[in-house]
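**Q** Have a look at the structure that comes next, please.
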Amino acid sequence: MFDSKIRPLIDPVLNAQGAVIARAGISANQVTLLGLALGLLSAVMIACGLFALALLPLLLSRLADGLDGAVARASEPSDFGGYLDITCDFLFYGAVPLAFVLADPVQNGVAGTFLLMTFYVNGTSFLGYAVLAEKHKMKSDARGVKTLYFTGGLLEGAETIGFFVLLCLLPAWFAPMAWVFGALCLVTAGSRVLLALRVFRRD
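And the structure:
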């Protein structure tokens, strides 16, 4: 929901830093993998109950996720780079809820399972739309220049990162927040299905 509004504010800064990183000989894929490593480190810390400390690698991982595209644009963008980026993103997004379940399986198990299911559905609606958009040669740079077509929705990257930060600050509230966020993920997925019905139904 907020990604398209945030991008014009952060892209100039990311692009400037991305150009510096590219000149240093660091590739976009290396930045992507660094972001994944930081995200998984955060998940391990969450699973160990180090919720507040996990915020630092979590936020650094998302910074790397923003920088990898900027590095690619300053050097040589590739389809594989976009593929690697979205794959790492989905691994990170799944690892954090799993970490909260591992931290307290009794309290968080059912809510965490529900949340992961809704992430799966939401991710499928996103990727499925991207495949059809590519088939129809649709383009959009509202959320920055991307390898994949990014559709909008109630919950996007900014909202999910904010949600993860809130979980780390208020870990005892994981279960109720997971139920609410998961329900909103289903609303987001449903809105994409309706959008796809409107845009692609003639096929």
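In case it helps, this note's numbering puts the sequence shown at residues 2 to 204.
Backbone N, C-alpha and C define an ideal beta-carbon position, used for all residues, glycine too.
Hey, Ala112 and Phe175: beta-carbon distance below 9 angstroms or not?
**A** Yes, these two residues count as a Cβ contact at 9 angstroms.
**Q** If you compare alpha carbons, which of Ala48, Ala53, Thr119 is closest to Val188?
**A** The candidate whose alpha carbon is nearest that of Val188 is Thr119.
**Q** Hey, how far is the Cα of Asp105 from the Cα of Phe81?
**A** So the two alpha carbons sit approximately 37 angstroms from each other.
**Q** According to DSSP, is Val146 helix, strand or coil?
**A** Here the model assigns Val146 a pLDDT of 49, short of 50, so the residue's position is not dependable, and the following value carries that caveat. Coil.
**Q** Where Cys169 and Gly191 are concerned, what is the direct C-alpha to C-alpha distance, given to the nearest angstrom?
**A** If you take the alpha carbons of Cys169 and Gly191, they lie about 28 angstroms apart.
**Q** Below 9 angstroms between beta carbons: does that hold for Leu19 and Ala71?
**A** Residue identity differs from the one stated: residue 19 is Gly in this sequence, not Leu. It is a contact, given that the beta carbons lie within the stated cut-off.
**Q** In chain order, what residues of the same chain have a beta carbon less than 6 angstroms from the beta carbon of Leu42, not counting five sequence neighbours either side?
**A** Closer than 6 angstroms at the Cβ level, and outside the excluded window around Leu42, lie Pro58.
**Q** For Ser126, does the count of other Cβ atoms within 10 angstroms reach 16, so buried, or fall short, so exposed?
**A** Answer is buried; the Cβ neighbour count reaches 16.
**Q** Below 8 angstroms on the Cβ atoms is my contact criterion, and I expect Gly36 with Ser62 to pass it. Report the Cβ-Cβ distance as a whole number of Å.
**A** Sure, about 5 angstroms apart at Cβ, within 8 angstroms.
**Q** Going by Cα to Cα distance, which pick from Glu160, Phe91, Phe182, Val97 is closest to Leu51?
**A** Selected option, being the one with the closest Cα: Val97.
**Q** Let me know the secondary structure DSSP gives Lys138 once reduced to three states.
**A** It is coil, neither helix nor strand.
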